[in-house]
Amino acid sequence: VSTQSTGRRNHNRMEEELPETEFDAIILGTGMVETILAGAIARSGKSVLHLDHRRYYGGCHATVDLSQLAEMACEDDARSSLSNWTVVTDDDKEAVDALMTKSSRFQLDLASGVLFSRGPMVDALVQSGTSKYSEFVKVDSTMVHVKGQLRQVPCSKNEVFADKSLSLLDKRTLMRFLQLCYQHMDAPAEVYKDHPECSFVEFLDTHKISPELKDVICYAIACANCNQTESPMSVQQGVASVTNYLKSVGRFGSTAFLSTKYGVSELPQGFTRLAAIFGGMYVLGRGIQHVTEENGRCTGVVCSVGQQLNAPVVISEPGYLRQFHREACTASISRAICIHSRPWIGEGEVATVTVPPTESHPHPVFMIQTSEASSSCPEGYYVLNVVSTAVHGTPEQDLSQLIDQLGAGPALWAVFYSQRIFECEELPAGVYACGGPNSTVFVEDAVPSAKAIFEKIYPDAEFLEPMPEPEDDELDSVDCNGPA
Numbered sequence: 001v002s003t004q005s006t007g008r009r010n011h012n013r014m015e016e017e018l019p020e021t022e023f024d025a026i027i028l029g030t031g032m033v034e035t036i037l038a039g040a041i042a043r044s045g046k047s048v049l050h051l052d053h054r055r056y057y058g059g060c061h062a063t064v065d066l067s068q069l070a071e072m073a074c075e076d077d078a079r080s081s082l083s084n085w086t087v088v089t090d091d092d093k094e095a096v097d098a099l100m101t102k103s104s105r106f107q108l109d110l111a112s113g114v115l116f117s118r119g120p121m122v123d124a125l126v127q128s129g130t131s132k133y134s135e136f137v138k139v140d141s142t143m144v145h146v147k148g149q150l151r152q153v154p155c156s157k158n159e160v161f162a163d164k165s166l167s168l169l170d171k172r173t174l175m176r177f178l179q180l181c182y183q184h185m186d187a188p189a190e191v192y193k194d195h196p197e198c199s200f201v202e203f204l205d206t207h208k209i210s211p212e213l214k215d216v217i218c219y220a221i222a223c224a225n226c227n228q229t230e231s232p233m234s235v236q237q238g239v240a241s242v243t244n245y246l247k248s249v250g251r252f253g254s255t256a257f258l259s260t261k262y263g264v265s266e267l268p269q270g271f272t273r274l275a276a277i278f279g280g281m282y283v284l285g286r287g288i289q290h291v292t293e294e295n296g297r298c299t300g301v302v303c304s305v306g307q308q309l310n311a312p313v314v315i316s317e318p319g320y321l322r323q324f325h326r327e328a329c330t331a332s333i334s335r336a337i338c339i340h341s342r343p344w345i346g347e348g349e350v351a352t353v354t355v356p357p358t359e360s361h362p363h364p365v366f367m368i369q370t371s372e373a374s375s376s377c378p379e380g381y382y383v384l385n386v387v388s389t390a391v392h393g394t395p396e397q398d399l400s401q402l403i404d405q406l407g408a409g410p411a412l413w414a415v416f417y418s419q420r421i422f423e424c425e426e427l428p429a430g431v432y433a434c435g436g437p438n439s440t441v442f443v444e445d446a447v448p449s450a451k452a453i454f455e456k457i458y459p460d461a462e463f464l465e466p467m468p469e470p471e472d473d474e475l476d477s478v479d480c481n482g483p484a
């Protein structure tokens with residue numbers, strides 16, 4: 001991706017001031033939520049300036065090659081939300097050296113993710129026309145790690161009754177619950193109409209779901225990212241999540257998920273192209289000094305070269321809003337990217353693994369294995385992305401033991417790192433902070449998060465208005481020279 005790309009207007013000297021200074025919205029950071037908003041706002045006819053201090057698209061959802069990732073692990077960028085890096089390499093120096101010679105053939109996600117085959121992200125991609133910018137592969141298997149073993153997540157009748165690890169009673173109980181959700185897929189309130197006030201875990205108890213099955217349903221099917229004993233989701237949230245999962249099962253293959261080819265950053269780059277088609281201006285390698293305000297209302301930003309840029313709306317990833325950060329930032333997410341010449345799961349298929357909370361690790365852990373099939377690495381190698389809410393002192397302490405339990409042996413190359421969670425307070429009117437990647441491998445939350453912010457700013461505009469057909473007159477006046 002060209003670091004000089006600025007939408008339909010190219011500004012090639014990174015230290016020069018921009019020729020335009022007045023915009024309807026300024027967006028800081030090119031992560032998932034920010035780029036969806038850029039596309040939606042530009043599509044609604046507003047002028048958008050999109051800045052990122054990095055020289056690549058994607059923010060925390062960026063995709064980089066192996067040498068770039070190794071360089072990031074050696075840097076100490078105070079502006080980044082990623083920190084606490086630890087690189088671990090195998091003792092076989094010859095194998096590691098051979099790996100590094102193939103660096104450019106790796107597409108490694110800083111925050112890997114999958115999307116439901118029927119869900120908000122697919123709907124947004126299709127509606128906005130950005131689906132044509134990405135390629136996808138089906139996720140071949142979804143697994144859950146229970147009692148030291150990997151087991152298939154059962155969803156269909158055949159899978160439930162073929163699962164030898166389930167008792168006959170558990171099979172019947174699970175099947176009844178899934179059939180109930182299937183029957184009321186378009187009216188989920190019917191599922192819990194007799195228990196509207198209870199938590200989802202309590203609701204599962206009314207169906208006599210065993211503790212082991214509750215873990216499978218809560219974490220592998222409902223995709224809960226926090227401990228359901230400590231912070232249970234409502235029955236409304238839980239049933240909605242299960243029905244969303246079931247709607248996606250079998251649309252493309254036997255699982256509920258799709259994975260992007262060439263990395264998850266293909267998604268934000270697609271929305272970046274949408275914004276550029278409708279006039280968005282992009283400048284990479286340029287951040288801000290601070291947000292400007294007057295009488296408690298946002299007036300714009302002073303960018304990193306000292307130029308005042310004006311807009312009534314500033315939308316930002318939280319890392320740019322340091323003047324509004326709470327004093328202490330203690331929350332973080334632990335992440336790992338591992339590369340091996342042997343698969344961790346099965347024969348090397350694209351797969352997800354969910355590890356429910358345990359006494360030693362009280363938060364769920366989520367993993368994605370990718371391979372040459374998704375163009376994340378060259379033939380003969382496999383990539384494992386791992387994520388969880390931080391528990392111990394370092395990401396390596398949080399995740400390494402769980403990775404070892406998969407039984408593939410030490411990785412050839414692995415990096416562990418933290419993603420800090422910044423919280424902002426007392427934002428001026430017109431300034432909106434976006435959420436970054438969460439502690440799961442599911443990207444769906446980005447779309448409703450972007451939509452909620454969009455509707456606060458432009459309540460009468462349509463979010464991600466469908467693209468006009470090629471013969472429509474509207475495209476005649478659109479410059480389609482988007483970012484490279």
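Residue numbers are given in the numbering used here: position 226 of the sequence shown equals residue 226, and the series is strictly consecutive. From the three backbone atoms N, C-alpha and C, an ideal C-beta is built for every residue, glycine too.
{"query": "Supposed contact pair Thr370 and Val383 - C-beta distance, whole angstroms, cut 8 angstroms", "result": "5 angstroms"}
{"query": "Given Gly380 as reference, the closest of Gly430, His340, Arg322, Gly409 once Cα atoms are compared", "result": "His340"}
{"query": "Whether Thr354 touches Ala256 by CB criterion (8 angstroms)", "result": "no"}
{"query": "Beta-carbon proximity of His207 to Phe177, cut-off 8 angstroms", "result": "yes"}
{"query": "Same chain, Cβ closer than 6 angstroms to Leu51, neighbours up to 5 away in sequence not counted", "result": "Leu28, Val283, Arg286"}
{"query": "For Ala311 and Leu18, the rounded distance between their alpha carbons", "result": "14 angstroms"}
{"query": "Selected residue, minimal CA-CA separation from His184, among Glu202, Glu359, Val239", "result": "Val239"}
{"query": "Ala42 vs Leu464 beta-carbon contact at 8 angstroms", "result": "no"}
{"query": "Rounded C-alpha distance that separates Ile453 from Tyr432", "result": "7 angstroms"}
{"query": "Per-residue burial, Gly407 [other beta carbons within 10 Å of its own, 16 or more giving buried]", "result": "exposed"}
{"query": "Any beta strand (DSSP E) of 3 or more consecutive residues that is wholly inside the region 285 to 355", "result": "288 to 294, 297 to 303, 308 to 310, 314 to 316, 332 to 340, 351 to 355"}
{"query": "Backbone secondary structure at Asp123 - three-state DSSP", "result": "helix"}
{"query": "Residue from Ala222, Leu427, Ser332 with nearest C-alpha to Phe324", "result": "Leu427"}
{"query": "C-alpha distance - Val122 paired with Pro318, whole-angstrom precision", "result": "26 angstroms"}
{"query": "Residues of its chain near Leu399, where Cβ-Cβ distance is below 6 angstroms and the 5 sequence neighbours each way are ignored", "result": "Ser334, Ala336, Val386"}
{"query": "C-alpha gap between Glu15 and Val139, whole angstroms", "result": "44 angstroms"}
{"query": "Cα-Cα separation between Val137 and Phe416, rounded to whole angstroms", "result": "26 angstroms"}
{"query": "Segment contact, 8 angstroms Cβ cut-off, at least three pairs: the region 266 to 277 with the region 224 to 232", "result": "no"}
{"query": "Ala351 versus Ala276, Val441, Ala390, residue with shortest Cα-Cα distance", "result": "Val441"}
{"query": "Which residues DSSP lists as bridging Ile368, in chain order", "result": "Thr352, Asn385"}
{"query": "Beta-bridge partners of Asp52, as assigned by DSSP", "result": "Leu284"}
{"query": "Distance between beta carbons of Gly59 and Gly39, contact taken as under 8 angstroms", "result": "In fact, because the Cβ distance is near 15 angstroms, the residues do not count as touching under 8 angstroms."}
{"query": "Buried or exposed by the 16-neighbour rule on C-beta atoms within 10 Å, applied to Cys303", "result": "buried"}
{"query": "Span of the beta strand (DSSP E) around Phe257", "result": "257 to 260"}
{"query": "Same chain, Cβ closer than 6 angstroms to Trp344, five either side skipped, listed in chain order", "result": "Gln369, Leu384, Leu406, Ala408"}
{"query": "Residue nearest to His361 in terms of C-alpha spacing, selected from Arg322, Leu402, Ser374", "result": "Leu402"}
{"query": "Met467 and Ser44 closer than 8 angstroms at C-beta", "result": "no"}
{"query": "Reduced DSSP category for Arg420 - H, G, I as helix; E, B as strand; rest coil", "result": "strand"}
{"query": "Alpha carbon of Val191 to alpha carbon of Ser83, nearest angstrom", "result": "44 angstroms"}
{"query": "Distance, Glu22 Cα to Glu462 Cα", "result": "23 angstroms"}
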